[in-house]
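Undergrad: Submitted below is the structure of interest, expressed as structure tokens.
Residue numbers (the numbering used here), protein chains in the order written: chain A, 5 to 283; chain B, 52 to 266.
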């Protein structure tokens, strides 16, 4: 890995290297497919960028607060760079070379500020495990230049002491929640409240982005779909009226019918034979 | 007593009558066989289009979509005109929360809605209940290919479907993933209970599934 932009990108590059290294360690297990889904999240306020993958401009004019992708990338090493729109690749704002993309994963690559306000790229592996019917997944990622925070839903803390660049997640019943972010252990709201509609069978990933110092804190949301499962069943009858099978009395009637027929036939047979003899 | 021909004939006649009655009832109680199972499989595996460029989406928090809730179901062949309610999951069982009023039909609100361009719009209704008697879907199993089904939205606009399949599965073996799929060709799936009734558990053994496609 080489680092181009000396000051800012140095820290970013090291952070990304560490993160990617950890990433491949996490996902080397059940990598069934060779390709991964990679989304890019822009969480650096005020600076639109062009996103380059292996020297190719992949997402031009990428605005802050937006989510691009997913890109389907084969397992392997990639050079990823962000430039000011239209600027030369040599003057990249952020650059990570030979970033390892493992196979069979769903990854969000987030351009954001570190805790001390430096632009950085952090990859997160997204949990795409199937949800039970009726459930939704909420993931919160601290990617803002801000201290540790608590995330509250409906006024109750659900995730505590989250620091940059960590995530917290939970599977909840699908529906609407009002969430806000407070300084850890306090009631000082730094972000929100924001109304979130947690779609059934989806993962809603909320990124806290921006800078507390510059008063640019905001949220960016990314949604992953297709994590739904079918319900366990369709219970739709308790009366038994629609059971069209034959009940026992009918079988009994059939059996009696056969017996009567046999008895009748047995009696008729000797009559036919003996009648001429008796006369 | 020596056999009296009259008595024997009477026995034979009674036997024939009983057997005939048994035969008629047995014939009438036969459940209609499945039709169109292969069509259902094909509908489920229609591939989606692949986007050419990298899509960029707005990172604003998601809002409820209001996925096109149907409000009425009409099936002329069954003389059925039933109100439809949006239903979800019974958290205790993980099963569809079919409306307790058997005259109502439940639309699975987590799946595709009235205006769906892909996937299976699922309506579940009671065949009957011990307390309320016959349900809206009592005769669902008698629908057959070509029967018309109309689903109507709150603004009165209808969407017509045509029955392409009718299947019956043991509840332990039904491929629910296929019927609750959110991808594949757009289709309407009507589900109720059927088959043998277990008097002890008060449950039917099977599910009856009717699949219809937009006309």
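Here a beta-carbon is modelled for each residue, glycine too, at the ideal position from N, C-alpha and C.
(1) Going by DSSP, what residues sit across from residue 211 of chain A in a beta bridge?
(2) Does the beta carbon of residue 177 of chain B fall short of 7 Å from some heavy atom of the ligand COA?
(3) From what residue to what residue does the alpha helix (DSSP H) around residue 90 of chain B run?
(4) Taking 8 Å as the threshold (beta carbon to beta carbon), is residue 171 of chain A in contact with chain B?
(5) Using 8 Å as the threshold, is the C-beta distance between residue 139 of chain B and residue 128 of chain B below it?
(6) Determine which residues of the segment 194-206 of chain A have a Cβ less than 9 Å from any Cβ of chain B, and write them out in chain order.
(7) Determine the direct distance from the alpha carbon of residue 254 of chain A to that of residue 262 of chain A, and round the result to whole angstroms.
(8) Please tell me whether residue 180 of chain B and residue 242 of chain A are closer than 8 Å, where the distance is taken between their beta carbons.
(9) Tell me which residue opens and which closes the alpha helix (DSSP H) that residue 228 of chain B is part of.
(10) When you compare each of A/79, A/77 and A/168 to residue 214 of chain A by their alpha carbons, which one comes out closest?
(11) Between which residues of its own chain and residue 126 of chain B is the CB-CB distance below 6 Å, once the five residues before and five after are set aside?
(12) Mind listing, in chain order, the continuous beta strand (DSSP E) runs of no fewer than 3 residues lying wholly within the segment 196-242 of chain B?
(13) For residue 140 of chain B, decide whether its Cβ has a neighbour in chain A, counting only Cβ atoms nearer than 8 Å.
(14) Would you please verify whether the beta carbon of residue 271 of chain A is less than 8 Å from any beta carbon of chain B?
(15) Looking at C-alpha atoms only, which residue of A/211, A/118 and A/153 is the closest neighbour of residue 191 of chain A?
(16) What are the start and end residues of the beta strand (DSSP E) that includes residue 117 of chain A?
(17) On the three-pair Cβ rule with 8 Å, is the segment 60-79 of chain A touching the segment 219-231 of chain A?
(18) Among A/211, A/212 and A/162, which has the Cα closest to the Cα of residue 189 of chain A?
(19) Grab me the residues of residue 197 of chain B's own chain with a C-beta within less than 8 Å of its C-beta, minus the 5 sequence neighbours each way, in chain order.
(20) Could you tell me which chain B residues have their CB closer than 8 Å to the CB of residue 180 of chain A, listed as they occur along the chain?
(21) Helix, strand or coil for residue 248 of chain B per DSSP?
(22) Between residue 110 of chain A and residue 104 of chain A, what straight-line distance do the alpha-carbon atoms span, to the nearest angstrom?
TA: Taking the structure as given:
(1) As a working mapping, residue 211 of chain A is identified with position 207 in the first chain. Beta-bridge pairing links residue 211 of chain A to A/145 and A/224.
(2) By its list of ligands, the structure shown contains no ligand whatsoever, and the ligand COA lies outside what it can speak to.
(3) What you label residue 90 of chain B is simply residue 39 of the second chain in a count that begins at 1. Counting along the chain, the alpha helix (DSSP H) containing residue 90 of chain B begins and ends at 88-95.
(4) Counted from its first residue, the first chain places residue 171 of chain A at position 167. Residue 171 of chain A does not count as touching chain B.
(5) On the second chain, position 88 is the one that residue 139 of chain B refers to. On the second chain, position 77 is the one that residue 128 of chain B refers to. Against a cut-off of 8 Å, the Cβ pair of residue 128 of chain B and residue 139 of chain B comes out as no contact.
(6) 198, 199, 200, 201, 202, 203, 204, 205 and 206
(7) As a working mapping, residue 262 of chain A is identified with position 258 in the first chain. As a working mapping, residue 254 of chain A is identified with position 250 in the first chain. The alpha-carbon atoms of residue 262 of chain A and residue 254 of chain A are separated by roughly 13 Å.
(8) Stepping through the second chain from its first residue, residue 180 of chain B is reached at position 129. Stepping through the first chain from its first residue, residue 242 of chain A is reached at position 238. Yes, Cβ-Cβ distance for residue 180 of chain B and residue 242 of chain A is below 8 Å.
(9) Numbered from 1 along the second chain, position 177 holds the residue referred to as residue 228 of chain B. Element bounds for residue 228 of chain B: 227-230.
(10) Indexing the first chain from 1 puts residue 214 of chain A at position 210. Checked all of A/79, A/77 and A/168; the closest Cα to residue 214 of chain A is A/168.
(11) On the second chain, position 75 is the one that residue 126 of chain B refers to. Cβ neighbours of residue 126 of chain B beyond the five flanking positions: 200.
(12) 199-203 and 209-221
(13) As a working note, residue 140 of chain B is residue 89 in the second chain. Yes, contact with chain A.
(14) Taking the first residue of the first chain as position 1, residue 271 of chain A is located at position 267. Closer than 8 Å to some Cβ of chain B, the Cβ of residue 271 of chain A qualifies, so yes.
(15) Stepping through the first chain from its first residue, residue 191 of chain A is reached at position 187. Residue 191 of chain A has its Cα closest to that of A/153, out of A/211, A/118 and A/153.
(16) On the first chain, position 113 is the one that residue 117 of chain A refers to. Unbroken beta strand (DSSP E) run through residue 117 of chain A: 110-117.
(17) yes
(18) Along the first chain, one-based indexing puts residue 189 of chain A at 185. Closest option to residue 189 of chain A, Cα to Cα, is A/162.
(19) For the purposes of this step, residue 197 of chain B is taken as residue 146 along the second chain, with counting starting at 1. Here the set comprises 213 and 214.
(20) The residue given as residue 180 of chain A occupies position 176 in the first chain. Going along chain B in sequence order, the residues near residue 180 of chain A (Cβ under 8 Å) are 115.
(21) Here residue 248 of chain B refers to the residue found at position 197 when the second chain is read from its first residue. Three-state result, residue 248 of chain B: strand.
(22) Translated into the one-based positions of the first chain, residue 110 of chain A becomes position 106. Translated into the one-based positions of the first chain, residue 104 of chain A becomes position 100. Answer to the nearest angstrom: the Cα atoms are 13 Å apart.
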